[in-house]
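Numbering (the numbering used here), first residue to last: 116 to 262.
Below is one structure, written out as structure tokens; comments come after it.
In structure tokens form, the structure reads like this:
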């Protein structure tokens with residue numbers, strides 16, 4: 116009996132993307148858009164709770180963004196933070212590990228923006244200024260503290 120190592124597994128076709136897209140289409144059929152929206156909201160709340168737990172010790176916006184970027188990078192988003200002279204930040208995601216799912220269901224992207232707002236709080240203004248699904252090579256969020 117034999118088994119592939121994780122390294123060798125990467126050399127073979129991966130059907131995760133196709134499976135997820137198929138499941139999303141099936142969920143739309145079974146539960147309609149409202150049902151799919153509810154599922155995305157549940158996923159979003161779990162993500163928010165997970166991130167808030169990991170950012171609990173952070174006080175400054177900069178520290179929160181760095182910790183969030185580390186979490187997102189672990190998940191495959193290859194995130195980084197740039198601080199600007201005016202005190203604002205760019206939160207950059209250079210890869211989208213759920214791109215196929217996001218193409219099939221734009222709710223993933225709108226929930227991402229909501230998630231960032233919920234995690235960082237209402238005293239922060241967030242705007243998506245670059246979006247992979249709109250043709251950009253990365254997603255970029257402009258973030259600034261609101262006083």
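We treat Cβ as the ideally placed atom computed from N, Cα and C, and that holds for glycine.
Nearest-angstrom Cα separation, counted from residue j out to residue i
{"i": "residue 206", "j": "residue 224", "result": "15 Å"}
{"i": "residue 197", "j": "residue 222", "result": "26 Å"}
{"i": "residue 177", "j": "residue 116", "result": "51 Å"}
{"i": "residue 137", "j": "residue 200", "result": "45 Å"}
{"i": "residue 252", "j": "residue 214", "result": "12 Å"}
{"i": "residue 216", "j": "residue 238", "result": "31 Å"}
{"i": "residue 185", "j": "residue 166", "result": "10 Å"}
{"i": "residue 247", "j": "residue 189", "result": "19 Å"}
{"i": "residue 139", "j": "residue 243", "result": "24 Å"}
Environment of residue i [buried if 16+ CB atoms lie within 10 Å]
{"i": "residue 261", "result": "exposed"}
{"i": "residue 125", "result": "exposed"}
{"i": "residue 226", "result": "buried"}
{"i": "residue 123", "result": "exposed"}
{"i": "residue 168", "result": "exposed"}
From the options, residue whose alpha carbon lies closest to that of residue i
{"i": "residue 212", "options": "159, 177, 135, 242", "result": "135"}
{"i": "residue 202", "options": "132, 259, 141", "result": "259"}
{"i": "residue 181", "options": "131, 220, 234", "result": "234"}
{"i": "residue 156", "options": "200, 129, 228, 243", "result": "228"}
{"i": "residue 91", "options": "249, 255, 250, 142", "result": "Residue 91 lies beyond the stretch modelled for the chain, which goes from 116 to 262, so this question has no answer here."}
{"i": "residue 220", "options": "167, 232, 143", "result": "143"}
{"i": "residue 245", "options": "158, 210, 153, 230", "result": "210"}
Count Cβ pairs between the segment 131 to 151 and the segment 167 to 174 that sit closer than 8 Å; are there 3 or more?
With a cut-off of 8 Å, the segment 167 to 174 and the segment 131 to 151 do not count as touching, because too few Cβ pairs lie within range.
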